[in-house]
Amino acid sequence: MESLSPPSFPSNGMGAMGGGQPSNAGSPLSSSSYEPSSPYPPRSVRNCNGVELDWEQPDISQLILSDKPGREDMSSPSSYNGYGTESSDYKKKKGPVPRQQEELCLVCGDRASGYHYNALTCEGCKGFFRRSITKNAVYQCKYGHNCEMDMYMRRKCQECRLKKCLNVGMRPECVVPESQCQVKREQKKARGKDKKEYPPVGSPIAEEKFPAVSPCNTMGPSEQRTSTSTYYNKLYAGCISLNLSPVPQPIKPNMPVPPMTSDQEELISALVHYQEEFEQPSEADIKRIQEIGITDDDSEDPKFEHITKMTILTVELIIEFSKRLTGFGDLLREDQITLLKACSSEVMMLRAARRYDAKTNSIVFGNSYPYTESEYETAGLGFSAPMLFRFCRNMCRMKVDNAEYALLAAMSIFSADRPFLREAYKVQKLQEIYLNALSAYVANKRAMNSFSIMIGKLLNVLTELRTLGNLNSEMCYRIQLTDKRLPDLLNEIWDVTPK
1 MESLSPPSFP SNGMGAMGGG QPSNAGSPLS SSSYEPSSPY PPRSVRNCNG
51 VELDWEQPDI SQLILSDKPG REDMSSPSSY NGYGTESSDY KKKKGPVPRQ
101 QEELCLVCGD RASGYHYNAL TCEGCKGFFR RSITKNAVYQ CKYGHNCEMD
151 MYMRRKCQEC RLKKCLNVGM RPECVVPESQ CQVKREQKKA RGKDKKEYPP
201 VGSPIAEEKF PAVSPCNTMG PSEQRTSTST YYNKLYAGCI SLNLSPVPQP
251 IKPNMPVPPM TSDQEELISA LVHYQEEFEQ PSEADIKRIQ EIGITDDDSE
301 DPKFEHITKM TILTVELIIE FSKRLTGFGD LLREDQITLL KACSSEVMML
351 RAARRYDAKT NSIVFGNSYP YTESEYETAG LGFSAPMLFR FCRNMCRMKV
401 DNAEYALLAA MSIFSADRPF LREAYKVQKL QEIYLNALSA YVANKRAMNS
451 FSIMIGKLLN VLTELRTLGN LNSEMCYRIQ LTDKRLPDLL NEIWDVTPK
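For the sequence shown, the tail end lands on 499 under the UniProt record's numbering, and the numbers increase by one without skipping.
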């Protein structure tokens, strides 16, 4: 699924997600999720006037512990920013087919080995498609240009086989150009020859020549409170020094760009897939939100309730997304909760930017209801609105795509400088994986002469998200001074003491 609708409350809050495989299930707030066997016990919600509502919500620990399956009941993708509104270049996950079911190649019907170039195919059709694209091959059908493709005809008619490859969704742009393959082969050969010339990792010379991406792996408890700007400045410096390669060397204008590794391509593919899957609330959830009713009068209470409930849905989707990130499930439960509490509002801001409509200067919620700055003010949430909308406009101008949004979300989740982490070094190692993937992606997808500028801008986005998070904390405090009341889940996630 693709775009979500969650702009409100940017804070140092949390968001959590968990692993599992996609299946037909609503979000944690949909009615189908609360059968008697549900792992989530009832938990009341109060509206802004303190009246108890019949709307159940789990707490964050239950959301993390639940082995909730994925979702397939989502509406079609509808993000306003990124690759597009209908599909994503990285929508399908690459990798082996689950062994418990025999999947067939969509091209010829042979046994499929996994998703290749955006479609489920066998190894034979994968190799045929790659060769056809890299060689710009032109084939001629001898049988009427309408051959029915199977394991026999795939050898007889290459034109119809290639046509079938394209019809089932295989994407030529996903094939690595032969020039990059040659560069990769030469780099492997060079690394084999030069391996002995480089000092072992961890030696004084290695540490001097190849600095770590950031100093978090040696941070003590007090040092974890270094300023955000310093933290990301060091991340940026480490990223440039690493330069996408185990053997760092300066990138020159005429130098070939090292291709992304297959692991990085699969990581990004899975990331974007889960970003889409857990971005749009289910129809059942949207229906519940709509039952509140949004009037055309100037009353702020209905709009405040609408935004807070949409925020709950968003936080729960962020939790589900996070639980599926590589390495998240291996962290201590306490660290998972710490990370989710600290990142949820930041990831929500990224999702708000994806839902920003530049034509109307509004953020479009999951039920397609647009909120402008003035409507945020009407809802009593105008304190953070100007900076949030400025952030959305900036992301739109940068033309950040779906893969970059997903990588930024993962880096925000795996921030090793969050206070009170017990195993910050593990979080740091995970963030480095996503940082290197982001660097490789930007170098291959953006103009080479703008790599340093673009990677710097993207890392600066993480700093801006911290500022928005602080604003959200301040806004939550201000809300407590009024007659309004935040739902219990948001109070818990953002450490707000209820009135």
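A virtual CB, placed ideally from N, CA and C, is assigned to each residue, including glycine.
**OP:** Report back the beta-carbon spacing between residue 388 and residue 352 to the nearest angstrom; my notes put them in contact at under 8 Å.
**Re:** Taking the sequence shown and counting its residues from 1, the one referred to as residue 388 is at position 388. Taking the sequence shown and counting its residues from 1, the one referred to as residue 352 is at position 352. Contact holds; Cβ gap of about 7 Å.
Original post:
Does the beta-carbon of residue 164 have 16 or more other beta-carbons within 10 angstroms, so that it is buried, or is it exposed?
Top reply: Looking up residue 164 in the sequence shown gives position 164. Classification for residue 164: buried.
Original post:
With distances taken between CB atoms, is the gap from residue 416 to residue 406 smaller than 8 Å?
Top reply: The residue given as residue 416 occupies position 416 in the sequence shown. The residue given as residue 406 occupies position 406 in the sequence shown. It is not a contact, given that the beta carbons lie outside the stated cut-off.
**OP:** Let me know if residue 420 comes out buried or exposed under the rule of 16 or more other beta-carbons within 10 Å of its beta-carbon.
**Re:** Residue numbering aside, residue 420 sits at position 420 when the sequence shown is read from its first letter. With fewer than 16 other Cβ atoms from the protein chains shown falling within 10 Å of its own Cβ, residue 420 counts as exposed.
Original post:
Who are the Cβ neighbours of residue 446 in its own chain at under 7 Å, not counting the five residues just before and after it?
Top reply: Counting from 1 along the sequence shown, the entry for residue 446 is found at position 446. Excluding sequence neighbours, residue 446 sits near 454.
Subject >> Residues sharing a beta bridge with residue 362, DSSP >> reply: Here residue 362 refers to the residue found at position 362 when the sequence shown is read from its first residue. Per DSSP, 357.
Original post:
Between the stretch 455-468 and the stretch 324-339, do at least 3 Cβ pairs fall closer than 8 Å?
Top reply: no
**OP:** Could you tell me whether the stretch 360-375 touches the stretch 459-472, where touching means 3 or more Cβ pairs closer than 8 Å?
**Re:** no
Subject >> Those runs of the beta strand (DSSP E) which lie wholly inside the stretch 386-410 and span at least 3 residues >> reply: Restricting attention to beta strand (DSSP E) runs no shorter than 3 residues, the stretch 386-410 encloses none.
Original post:
Who are residue 111's beta bridge partners in DSSP?
Top reply: Counting from one through the sequence shown, the residue named residue 111 turns up at place 111. Looking at the DSSP assignment, residue 111 forms a beta bridge with 104.
Original post:
What's the gap between the Cα of residue 339 and the Cα of residue 392?
Top reply: Locating residue 339 in the sequence shown gives position 339, counting from the first residue. Locating residue 392 in the sequence shown gives position 392, counting from the first residue. Going from the Cα of residue 339 to the Cα of residue 392 covers about 24 Å.
Original post:
Out of 128, 106, 133, which has the shortest C-alpha to C-alpha gap to residue 120?
Top reply: The sequence position of residue 120 within the sequence shown is 120, counting from 1. Nearest of 128, 106, 133 to residue 120, Cα basis: 106.
**OP:** Count the CB pairs spanning the stretch 128-140 and the stretch 154-173 that are closer than 8 Å, and state whether there are at least three.
**Re:** By the criterion of at least three beta-carbon pairs nearer than 8 Å, the stretch 128-140 is in contact with the stretch 154-173.
Subject >> Option nearest residue 146 by Cα separation, candidates 128, 127, 126, 167 >> reply: As a first step, residue 146 is located in the sequence shown; it is residue number 146 there, counting from the start. Considering only alpha carbons, the answer is 167.
**OP:** Measure the alpha-carbon distance for residue 341 versus residue 430 and round it to whole angstroms.
**Re:** In the sequence shown, residue 341 corresponds to position 341, counting from 1. In the sequence shown, residue 430 corresponds to position 430, counting from 1. Near 18 Å, if we compare the C-alpha coordinates of residue 430 and residue 341.
Original post:
Is DSSP giving residue 116 helix, strand or coil here?
Top reply: One-based indexing of the sequence shown puts residue 116 at position 116. Note: residue 116 maps to strand in three-state DSSP.
Original post:
Since residue 501 and residue 122 are thought to touch, with beta carbons under 8 Å apart, how far apart are those beta carbons, to the nearest angstrom?
Top reply: Only positions 1 to 499 of the chain appear in the structure, and residue 501 is not among them; the question remains open.
**OP:** Label residue 440 either buried or exposed according to how many other C-beta atoms from any shown protein chain fall within 10 Å of its C-beta, with 16 as the threshold for buried.
**Re:** Stepping through the sequence shown from its first residue, residue 440 is reached at position 440. Residue 440 is buried by the Cβ-count criterion.
Subject >> residue 51 to residue 394 span [Cα, whole Å] >> reply: The residue you call residue 51 lines up with position 51 of the sequence shown. The residue you call residue 394 lines up with position 394 of the sequence shown. Note that residue 51 has pLDDT 44, beneath the 50 cutoff, so the model's placement of it is unreliable and the number below is only indicative. Approximately 39 Å between the Cα atoms of the pair.
Original post:
Going along the chain, which residues of its own chain have a beta-carbon closer than 6 Å to the beta-carbon of residue 154, five neighbours each way excluded?
Top reply: Taking the sequence shown and counting its residues from 1, the one referred to as residue 154 is at position 154. Excluding residues within five positions, the ones whose Cβ falls inside 6 Å are 108, 161.
Original post:
Do you know offhand how far residue 262's Cα is from residue 327's?
Top reply: Translated into positions along the sequence shown, residue 262 becomes position 262. Translated into positions along the sequence shown, residue 327 becomes position 327. Going from the Cα of residue 262 to the Cα of residue 327 covers about 18 Å.
**OP:** Determine the closest residue to residue 324 out of 436, 409, 274, 426, with distance taken between C-alpha atoms.
**Re:** By 1-based counting over the sequence shown, the position of residue 324 is 324. Selection 436, 409, 274, 426 evaluated against residue 324 yields 274 as nearest (Cα-Cα).
Original post:
Beta-carbon separation of residue 317 and residue 279 under 8 Å?
Top reply: Translated into positions along the sequence shown, residue 317 becomes position 317. Translated into positions along the sequence shown, residue 279 becomes position 279. Yes.
Subject >> Outcome for residue 117 when other beta-carbon atoms lying within 10 angstroms are tallied against a minimum of 16 >> reply: For the purposes of this step, residue 117 is identified with residue 117 of the sequence shown, where counting begins at 1. So residue 117 ends up on the buried side.
Original post:
So, helix, strand or coil for residue 371, using DSSP?
Top reply: For the purposes of this step, residue 371 is taken as the residue at position 371 of the sequence shown. In the structure shown, residue 371 sits in a strand (DSSP, three-state: E or B).
**OP:** On a CA-only basis, which of 128, 281, 307 is nearest residue 319? Give me that one, please.
**Re:** Start at 1 with the first residue of the sequence shown, and residue 319 comes out as number 319. Among 128, 281, 307, the Cα nearest to that of residue 319 belongs to 281.
**OP:** Apply the 10 Å Cβ neighbour rule to residue 469 and answer buried if 16 or more other Cβ atoms are within range, or exposed otherwise.
**Re:** As a position in the sequence shown, residue 469 is number 469, starting the count at 1. Taking every protein chain shown into account, the CB of residue 469 has 16 or more other CB atoms within 10 angstroms, so this residue is buried.
Subject >> Sheet register partners of residue 121 (DSSP bridge) >> reply: By 1-based counting over the sequence shown, the position of residue 121 is 121. 114.
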